[in-house]
Amino acid sequence: MTAQPPTRETVTVANPVLPGFHPDPSILRVGTDYYLATSTFQWYPGVAIYHSRDLVHWRLAARPLDRLTQLDMRGNADSGGIWAPCLSHDGEQFHLIYTDVKSWGINESFKDSHNYLTTAPGIDGPWSEPVYMNSSGFDPSLFHDEDGKKWFLNMVWDHRPGRNAFAGIVLQEYSPAQKRLVGPREIIFTGTDLKVTEGPHVYRKDGWYYLLTAEGGTSWEHAVTLARSRSLHGPYEVRPQGPLITAVDAPHLPIQKPGHASLTDTPDGQWIMAHLCGRPLTTRGECPLGRETALQALSWPEGEWPTLAQGGHHPAGHPQLPALPPHPWPEVPARDDFSGPQLRPEWMTLRAPPEVLGVSLAEGGGLRLRGAESLMSRHRVSLIGRRLQSLHARLRTRLDFAPEDFQQMAGLSAYYDSRNWVYLRVSHDESAGRSLNITSCENGVYREHLTHDVSIGDTGPVTLEVVYGGPTFRFGYSTDGAAWHPIGEPFSAGLLSDEHCGGLSFTGTFLALTCQDLSGRGQTATFHWAEYTEH
Numbered sequence: 000m001t002a003q004p005p006t007r008e009t010v011t012v013a014n015p016v017l018p019g020f021h022p023d024p025s026i027l028r029v030g031t032d033y034y035l036a037t038s039t040f041q042w043y044p045g046v047a048i049y050h051s052r053d054l055v056h057w058r059l060a061a062r063p064l065d066r067l068t069q070l071d072m073r074g075n076a077d078s079g080g081i082w083a084p085c086l087s088h089d090g091e092q093f094h095l096i097y098t099d100v101k102s103w104g105i106n107e108s109f110k111d112s113h114n115y116l117t118t119a120p121g122i123d124g125p126w127s128e129p130v131y132m133n134s135s136g137f138d139p140s141l142f143h144d145e146d147g148k149k150w151f152l153n154m155v156w157d158h159r160p161g162r163n164a165f166a167g168i169v170l171q172e173y174s175p176a177q178k179r180l181v182g183p184r185e186i187i188f189t190g191t192d193l194k195v196t197e198g199p200h201v202y203r204k205d206g207w208y209y210l211l212t213a214e215g216g217t218s219w220e221h222a223v224t225l226a227r228s229r230s231l232h233g234p235y236e237v238r239p240q241g242p243l244i245t246a247v248d249a250p251h252l253p254i255q256k257p258g259h260a261s262l263t264d265t266p267d268g269q270w271i272m273a274h275l276c277g278r279p280l281t282t283r284g285e286c287p288l289g290r291e292t293a294l295q296a297l298s299w300p301e302g303e304w305p306t307l308a309q310g311g312h313h314p315a316g317h318p319q320l321p322a323l324p325p326h327p328w329p330e331v332p333a334r335d336d337f338s339g340p341q342l343r344p345e346w347m348t349l350r351a352p353p354e355v356l357g358v359s360l361a362e363g364g365g366l367r368l369r370g371a372e373s374l375m376s377r378h379r380v381s382l383i384g385r386r387l388q389s390l391h392a393r394l395r396t397r398l399d400f401a402p403e404d405f406q407q408m409a410g411l412s413a414y415y416d417s418r419n420w421v422y423l424r425v426s427h428d429e430s431a432g433r434s435l436n437i438t439s440c441e442n443g444v445y446r447e448h449l450t451h452d453v454s455i456g457d458t459g460p461v462t463l464e465v466v467y468g469g470p471t472f473r474f475g476y477s478t479d480g481a482a483w484h485p486i487g488e489p490f491s492a493g494l495l496s497d498e499h500c501g502g503l504s505f506t507g508t509f510l511a512l513t514c515q516d517l518s519g520r521g522q523t524a525t526f527h528w529a530e531y532t533e534h
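At position 224 of the sequence shown the residue is numbered 223 (numbering that gives the first Met the number 0), and the sequence of numbers has no breaks.
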């Protein structure tokens, strides 16, 4: 009689487990703790690391790249900066590999992408000064082999006309003693006919080296390819069943764009895959929440190729994952009165630390923004933002600001990048005095949406809100904190999406508090509190 495998309990998980802009997940287990590192692009601090003990509840645990000696992105292109970090552990310490993409573009031949390593004894640091690795391509990762050697991988970018720009996955040994790459570089995998081969991760199981890559590009054709070899150096045989996961042939699914994956196991040997995904407003439409992180369970018998636990190659919206002891985290308070010693970790700045950008916490509570450059700048923008994580959400804030002329502005923005944003701003108009208007930038084209500014009186605080109601969002204001007034017309949520903002962009929608002084006098705005809720 054939022995049956033990029955294992499962729990239903709703994908995405990290909603809102959380792309390129690198998942890792250390003991009974699970960690997920995701890309942050031009947003600062660099890399977001989440922590879970049950694969269901996740908390923001670390933002490791938080000082200029590790990361300075002033001047970086939109959707440049931190691409596809890799988090690993060698039994002694954490290793974080990351890329700082200084310049790139759809129609540009070159990608200036510099790869670094930082380490820490624990997930909350301290994270070391960076070790420079190389600049030959992006999506780097570090593999710790069983013999103690460490191997560095990345995709190689070939800028030459007529060549495959995604030239393959390169492998080179890393020497911790010398803190540099050593020995020969070798291309170990050139990909499949899906092309756009990137995002390499290596895993060792049952005597095989498994090479996981992303292919097909990061949009609707995205896919996860798996190959294996008895030698780390290859040659690699591609999984005969085709992509491990893709939705290219299923445009009706609510979970789209699955790709750029990584793997980990549970203590009892079950396997989990983390992958990015998108949730379009309509079939193959716009994804305002950006690229998010989802989980899938794998079936991986010894010596065989893995498959999705639910069968096939389509992503599950509600997968059955291994049931681990429940471990919820304390709820993050909806309201932030900015009274702590530093900004709460959900807030981010653009390209540089807060203190470099004129962002500070006031004594006794409140946030001060010293007006700097425009929202179209890529250098010094006085702004803090947080991810939009639901299309049914609201951000409110109470603002004190006394602009002296039209070059001084402060308020609340739905922000995608320097060329795409919508802004409810307080400024000073020669006729209306201190007043409100809604301005926007759509793929670089600036507009003001109200024919005349709305006067709000020359003194006293004003409360502003942006409200998402599914496919649209709108702004409102209150001068007394009780009576609310809508202002302007609703906007399509898809206006601020990867698809609409240039066609190949990566960052999703943020809700931001911001201040400008285009005269250079540095007028200051005070935000007494901000409150983010979902409904």
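Cβ coordinates follow ideal geometry from the N, Cα and C atoms, glycine included. Being a predicted model, the structure only gives us computed values, none of them experimental.
Under the three-state DSSP convention, the category residue i falls into
| i | result |
| --- | --- |
| residue 353 | helix |
| residue 524 | strand |
| residue 493 | helix |
| residue 235 | coil |
| residue 61 | strand |
| residue 259 | strand |
| residue 427 | strand |
| residue 149 | strand |
| residue 69 | coil |
| residue 52 | coil |
| residue 25 | strand |
| residue 295 | strand |
| residue 198 | strand |
| residue 205 | coil |
Cβ neighbours of residue i in the same chain (closer than 7 Å, five flanking residues each side left out)
| i | result |
| --- | --- |
| residue 391 | 467, 468, 469, 533 and 534 |
| residue 216 | 195 |
| residue 376 | 417 |
Whole-angstrom C-beta distance between residue j and residue i, which should lie under 8 Å
| i | j | result |
| --- | --- | --- |
| residue 153 | residue 130 | That pair is no contact at about 15 Å. |
| residue 415 | residue 356 | In fact, because the Cβ distance is near 19 Å, the residues do not count as touching under 8 Å. |
| residue 291 | residue 59 | Going by Cβ atoms, the distance from residue 291 to residue 59 rounds to 15 Å, so no, they are not a contact pair. |
| residue 402 | residue 380 | Residue 402 to residue 380, Cβ: 17 Å. No contact. |
| residue 100 | residue 317 | Wrong, their Cβ atoms sit about 35 Å apart, outside the cutoff. |
| residue 23 | residue 286 | Going by Cβ atoms, the distance from residue 23 to residue 286 rounds to 15 Å, so no, they are not a contact pair. |
Nearest residue (CA-CA) to residue i, options the options
| i | options | result |
| --- | --- | --- |
| residue 270 | 33, 14 and 529 | 33 |
| residue 136 | 167, 123 and 146 | 167 |
| residue 320 | 313, 298, 332 and 341 | 298 |
| residue 212 | 231, 188, 219 and 218 | 188 |
| residue 301 | 205, 143 and 125 | 205 |
| residue 307 | 358, 114, 161 and 262 | 262 |
| residue 113 | 98, 105, 104 and 119 | 98 |
| residue 225 | 219, 245 and 363 | 245 |
| residue 258 | 280, 231 and 200 | 200 |
| residue 68 | 39, 88 and 127 | 127 |
| residue 514 | 382, 70 and 361 | 382 |
| residue 436 | 463, 272 and 443 | 463 |
| residue 386 | 347, 423, 400 and 399 | 347 |
| residue 393 | 460, 337, 472 and 364 | 472 |
| residue 323 | 26, 27, 19 and 31 | 31 |
is_contact[residue i, chain B] using C-beta, thresh 8 Å
| i | result |
| --- | --- |
| residue 378 | Absent here is chain B; the protein component of the structure consists of one chain. |
Same chain only: Cβ atoms within 8 Å of residue i, ignoring 5 sequence neighbours per side
| i | result |
| --- | --- |
| residue 173 | 116, 132, 141, 149, 150, 151, 179, 180 and 181 |
| residue 102 | 75, 76, 79, 109, 110 and 111 |
| residue 253 | 278 and 316 |
| residue 484 | 475, 476 and 477 |
Buried versus exposed call for residue i [16 or more other C-beta atoms within 10 Å across all chains shown]
| i | result |
| --- | --- |
| residue 445 | exposed |
| residue 0 | Legend: pLDDT at residue 0 = 38, less than 50; position of this residue unreliable, no value from coordinates given. |
| residue 15 | buried |
| residue 520 | exposed |
| residue 591 | No statement about residue 591 is possible, as the shown extent of the chain runs from 0 to 534 and does not include it. |
| residue 331 | exposed |
| residue 41 | buried |
| residue 106 | exposed |
| residue 89 | exposed |
| residue 138 | buried |
| residue 48 | buried |
| residue 442 | exposed |
| residue 84 | buried |
| residue 267 | exposed |
| residue 4 | Note that residue 4 scores a pLDDT of 47, beneath 50, so its modelled location is shaky and nothing firm can be said. |
| residue 312 | buried |
Own chain, CB closer than 6 Å to residue i, minus 5 neighbours either side, in chain order
| i | result |
| --- | --- |
| residue 421 | 413, 439 and 490 |
| residue 516 | 370, 407 and 522 |
| residue 7 | none |
| residue 305 | 297 and 299 |
| residue 250 | 282 and 283 |
beta-carbon residue i near the ligand ZN non-hydrogen atom, thresh 7 Å
| i | result |
| --- | --- |
| residue 109 | This structure lacks the ligand ZN, and indeed carries no ligand of any kind. |
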